[in-house]
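J.:
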Amino acid sequence: MKRILGCILLLMFVTCAPTFAKEFTLTSPQLSPDGTMQEEQVFNGFGCSGKNISPQLDWFGAPEGTKSFALTVFDPDAPTGSGWWHWVVFNIPATVHGLPLGMNQETLPVGTIQSRTDFGATGYGGACPPVGEKPHRYQFTVWALDVATLPLDQDAPGAMVGYYIHSHQLGKAEVSVTYGR
328 MKRILGCILL LMFVTCAPTF AKEFTLTSPQ LSPDGTMQEE QVFNGFGCSG
378 KNISPQLDWF GAPEGTKSFA LTVFDPDAPT GSGWWHWVVF NIPATVHGLP
428 LGMNQETLPV GTIQSRTDFG ATGYGGACPP VGEKPHRYQF TVWALDVATL
478 PLDQDAPGAM VGYYIHSHQL GKAEVSVTYG R
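Position 107 of the sequence shown, counted from 1, bears residue number 434 in our numbering, the numbering being contiguous throughout.
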């Protein structure tokens with residue numbers, strides 16, 4: 328009887344034990360551990376004098392079934408009523424697990440698209456909140472998607488890309504930093 332009970336318990340443990348999925352994470356050496364944005368990632372314009380250099384981003388532990396990635400940088404605190412898209416990148420191949428410091432059109436992975444931001448252009452646009460407001464949050468998010476490509480081009484606005492991302496997301500990883508002036 329003890330042997331049968333032991334076998335039943337072992338079988339239950341093996342078949343009912345939780346599966347430990349790896350955690351989907353996003354990291355960057357330029358995005359400060361204390362949660363503040365560094366000057367090199369701040370916009371150069373609108374009264375800001377940063378270097379407007381996109382940070383290096385690395386992601387790990389994407390969900391199973393990921394066919395591509397998208398990356399967004401969004402400021403939900405912008406005084407627009409709808410936030411501000413600072414960077415929109417999609418159709419990043421599933422074999423890519425990061426973007427280098429200073430990413431630009433020439434260094435994009437093959438097939439990757441940077442679309443229009445709320446600055447009216449493609450590419451990274453750094454932080455530059457209005458003077459005197461509380462520091463704004465800048466959400467750097469990498470999205471794991473269940474499709475290899477989104478049916479959009481470089482003229483797609485951030486909100487449209489966001490719609491497609493939400494329709495195809497398997498998971499996301501985020502780093503949030505703040506900046507004020």
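Quick reminder that beta carbons are idealized off the backbone N, C-alpha and C, glycines included.
Nearest to Val-416 by CA position, among Ile-492, Arg-508, Gly-507 and Leu-497, is which residue?
T.: Nearest C-alpha to Val-416: Ile-492.
J.: Per DSSP, which residues does Ala-471 bridge with? Please list them.
T.: Answer is Phe-396 and Gly-498.
J.: Within its chain, find whatever has a CB closer than 6 Å to the CB of Trp-411; leave out the 5 residues flanking it on each side and keep chain order.
T.: Counting only Cβ-Cβ distances below 6 Å, and skipping sequence neighbours, we find Asp-402, Ala-405 and Asp-445.
J.: Spatial neighbours of Leu-426 within its chain, please: CB distance less than 6 Å, with the 5 preceding and 5 following residues excluded, ordered by chain position.
T.: So the qualifying residues of the chain are Leu-384.
J.: Here's the rule: buried if 16 or more other CB atoms are within 10 angstroms of the residue's CB, otherwise exposed. What is Asn-418?
T.: Under this definition Asn-418 is a buried residue.
J.: Spell out a yes or no on whether the segment 420 to 438 and the segment 485 to 502 are touching, meaning 3 or more CB-CB pairs, one atom from each, closer than 8 Å.
T.: No, they do not touch.
J.: On a CA-only basis, which of Ala-471, Pro-420 and Leu-435 is nearest Lys-499? Give me that one, please.
T.: Nearest option by C-alpha distance: Ala-471.
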